[in-house]
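Below: one structure, written as structure tokens.
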Amino acid sequence: MTQTLTAVRRFAHVHDDLPAFHAGYLVLTLLVAALLNLGAFGLLIAAHMTLDFVKYREYHKFSMKRTLEGMVRESLVDVTLLSVGLLFAVYIHHTIGLAGMSGLLRAEVSLVSAAAMVLPKVKVLHNFLKVISHLRHYIDQVHPRFCQGWSNLDHFCFFAIEFSLILIAAAPLILGMDTKTLFFVLQSQLIPFHF
């Protein structure tokens, strides 16, 4: 038992220096991102925001307003990626408008859809694992732009979230589909571990 613990501890100290570890990490991240739906990644974002609540409210003793600001700042990019991924899931879903497409165009749409769905998931998962792997450091550090106003990137993220939600709500009108199909797509993407 002691020998196993020593080997695990030694690996923990040198794992960042091993290229094979990073390659394996990347492959596992891509695999998990491809297999799970957006709802599972929504749970990761919710867990991250819960951690941020504890970090700012209980550890740093900030007011509720400042705590909420910290939660938004820490997870804004992840929420943006989730909303844009959901937008792509709705607009490039396989049940919408594929009947008139040729085989080649259908294959291209499938590739774009896969990339548009996997890339946000990979980024959200990477951000979450980075926080978990350096939890003590993460808890100790306040967001670098805390109480400094919103940056241009923050404003862009807010715009992208709003624009994505508007386009999702308008999807039945824009795509000519019924709301039942929209709710089916949203349900298949947002209910975690729904296969």
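Under our numbering, the residues of the sequence shown are numbered 826 to 1020, in order.
Glycine included, C-beta positions come from ideal geometry on N, C-alpha and C.
Here Val904 is not near Ile1016, since their CB atoms are 8 Å or more apart. Straight-line spacing of the CA atoms in Ala994 and Tyr916 works out to 11 Å. Here DSSP, grouped into helix, strand and coil, assigns Val967 to coil. Going by beta carbons, Val956 and Leu876 fall inside the 8 Å limit.
In terms of Cα proximity to Ile991, the closest of Arg835, Arg970 and Val909 is Val909. Boundaries cannot be given for Asn862, as no alpha helix (DSSP H) includes it and DSSP labels it neither H nor E. In the DSSP assignment, Ser908 falls within the unbroken alpha helix (DSSP H) covering Met889 to Tyr916. A residue is called buried once 16 or more other Cβ atoms fall within 10 Å of its Cβ, and Cys982 is buried on that count. Between Arg898 and Phe971 the beta-carbon gap is near 7 Å, inside 8 Å, which marks them as a contact. By the neighbour-count criterion, in which 16 or more other beta carbons inside 10 Å mark a residue as buried, Thr829 falls on the exposed side. Here Leu901 is buried: its Cβ has 16 or more other Cβ atoms, across all protein chains shown, within 10 Å. The continuous alpha helix (DSSP H) containing His980 extends over residues Asn977 to Ala994. By the Cβ neighbour-count rule, Ser989 is buried, with 16 or more other Cβ atoms within 10 Å of its own. Residue range Thr1004 to Leu1015 is occupied by the alpha helix (DSSP H) that includes Gln1014.
Cβ-Cβ distances below 7 Å link Ser976 to Arg970 in the same chain, with the five nearest sequence neighbours on each side left out; the list follows chain order. Cβ contact annotation for Tyr963 (same chain, cutoff 6 Å, sequence separation greater than five): Val956, in chain order.
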